[in-house]
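**Q** The structure's right below; bear with me while I get my questions together.
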Amino acid sequence: MKQKIILKGAEAIGVEVKQDKSLDKFSKVVLFPDKLKEANKIIAKLKWSV
Amino acid sequence: MQYAKYAPLLASSDLREFSFISNGPKGEIKIVVQFNLTENSTIYNLAFGNVQPDGSIDDIIKNNNKDRNKVLATVAATIYEFTTKHPDKFIFFKGSTPERTRLYRMAITNNIKELAIDFDIYGVELYKEGYTVVDFKIGVLYFGFMVKRKKNYF
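For the record, the sequence lines run as chains A and B. Its first residue numbered 872, the first sequence is counted upward by one per residue in my numbering. Its first residue numbered -6, the second sequence is counted upward by one per residue in my numbering.
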């Protein structure tokens, strides 16, 4: 039998989650551009040692 | 995380944006969380901040709502939710100041047993001209952090 991957969401740790379609308008907007810019600079120079 | 958390957590359809209300001495403050894909298609950046009265978002300001741990635990809950939809992605995050990065390290350290059940946890260290990803170890200072959902089979 194929094993099923079960990934618990926020509700499994006690946080009720509600869908809010008003948040969908942010999906094409970067709300934290400076943070993303900084992250990209770091990630461009990222090496793995694990 | 063992800390109290805010609810409900409001989520966008793609589980990349979340919001919740911080409630404390300064009143109700709306907090938004966003996961943005970086230039590396396997890594999302996690950021969050306060929604200001004019609708702008501030990720630098201290809200002084005396609920730091509760906010961090709720942001951690967004990682649980996000990774149900994007389980193969890494999530990178760091504080906007060294003090905040230290707070994140403390929060991870204080909840490491619980978090390690569901996530691989890494530290990002400065190394020469770049950065190195290493396994997270308690007591080590890191420049930032990365997590990835473990695949738990049942």
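Beta carbons: idealized from backbone N, C-alpha and C, even for Gly.
In or out: B/R95 buried (at least 16 other Cβ within 10 Å) or exposed?
**A** Exposed, since its Cβ has fewer than 16 Cβ neighbours within 10 Å.
**Q** Going by other Cβ atoms of all chains shown within 10 Å of its Cβ, with 16 needed for buried, is B/M99 buried or exposed?
**A** Exposed, since its Cβ has fewer than 16 Cβ neighbours within 10 Å.
**Q** Please say whether B/K55 and B/G137 have beta carbons closer to each other than 8 Å?
**A** Result no, Cβ atoms of B/G137 and B/K55 do not sit closer than 8 Å.
**Q** Report the option in B/I110, B/Q(-5) and B/A4 whose CA atom is closest to the CA atom of A/K892.
**A** Of the listed residues, the one whose Cα sits closest to A/K892 is B/A4.
**Q** What in chain A is Cβ-close to B/F85, meaning under 7 Å?
**A** Simply A910 and I914.
**Q** Pull up the CB-CB distance for B/Y(-4) and B/L65, whole angstroms please, since I reckon it's below 8 Å.
**A** Right, the Cβ-Cβ distance comes to about 7 Å (below 8 Å), so this counts as a contact.
**Q** Which runs of the alpha helix (DSSP H) at least 4 residues long sit entirely within the region 7 to 78 of chain B? Give them in chain order.
**A** Listed in chain order, the complete alpha helix (DSSP H) runs (minimum 4 residues) inside the region 7 to 78 of chain B are 61 to 78.
**Q** Pull the bridge partners of B/N142 from the DSSP assignment, please.
**A** The residue you asked about is not Asn; residue 142 of chain B is Arg in the sequence shown. According to DSSP, B/R142 bridges with B/F112.
**Q** Return the first residue and the last residue of the beta strand (DSSP E) that B/Y124 is part of.
**A** Unbroken beta strand (DSSP E) run through B/Y124: G123 to D128.
**Q** Grouping DSSP H, G and I as helix and E and B as strand, with all else coil, what is A/E887?
**A** It is coil, neither helix nor strand.
**Q** With 16 as the cutoff for other CB atoms within 10 Å, does A/K908 come out buried or exposed?
**A** A/K908 comes out exposed.
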